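Here the sequence shown stands for residues 919 to 1051, where the numbers follow this note's numbering.
All residues carry an ideal CB built from backbone N, CA and C; glycine is no exception.
This structure is a prediction, so every number in the text was calculated from the model and none was measured.
For reference, the structure is listed below as structure tokens.
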Amino acid sequence: MLSPEHRLRSTALFTETVRRGRRKGSRTVVVSVYESPSGGADRRALPTDRDLPVTVGGPRVGLVVSKAVGNAVTRHAVSRKLRHVARTVLDDPETGFNPAHTVVLRALPASAGASSGELERDVRHALRRILGS
């Protein structure tokens, strides 16, 4: 489970990250990363984040797992794996995230048959290509 300060819940931020962010893909997942020009200081203005202080750190992560991935059971399993991967990657200081980053992980149909290890490898590879670390 991702902690509340790391969850991306705003539709506006999802849209902004996917449209304006840098994007890299692999066989199982597409990773979009957007760095807010305000450095994340505008987060309290979002309706779903009013209760969080501006100083709450860490990048926000959101998941997109469409029906193309599979039925509800399969999509839920992929979502659980991706949440675990996101938490693992966020906890790694070598990733190169800063609090202004928003990240969207979009599962591709091949993710249905992938293990957590394969998903983590693909996410880390995409993030290295995006963030240059």
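- Per the DSSP secondary-structure output, Arg940 pairs in a beta bridge with Val951.
- DSSP places Thr1020 within a strand segment (E or B) once states are collapsed to three.
- Under the three-state reduction of DSSP, Ala930 is assigned to helix.
- Its chain contains Arg945 and Thr946 as the residues whose beta carbon lies nearer than 8 Å to that of Ala1028, once the 5 sequence neighbours on both sides are disregarded; these appear in chain order.
- Only residues of its own chain outside the window of five on either side were considered, and among them Ser944 have a CB closer than 7 Å to the CB of His1043, listed in chain order.
- Going by beta carbons, Val996 and Glu1038 fall outside the 8 Å limit.
- When C-alpha distances from Pro1017 are compared across Ser1034, Gly976 and Gly1035, the shortest belongs to Gly976.
- For the pair Val987 and Ala1030, the Cα-to-Cα distance works out to about 6 Å.
- Going by C-alpha positions, Val936 is about 12 Å away from Leu926.
- The secondary-structure analysis by DSSP pairs Val979 across a beta bridge with Arg925 and Val1021.
- Annotation for Ala1032: Thr946 place their beta carbon closer than 6 Å to its own, counting only its chain and skipping 5 residues before and after.
- Around the beta carbon of Val991, fewer than 16 other beta carbons sit within 10 angstroms, so the residue counts as exposed.
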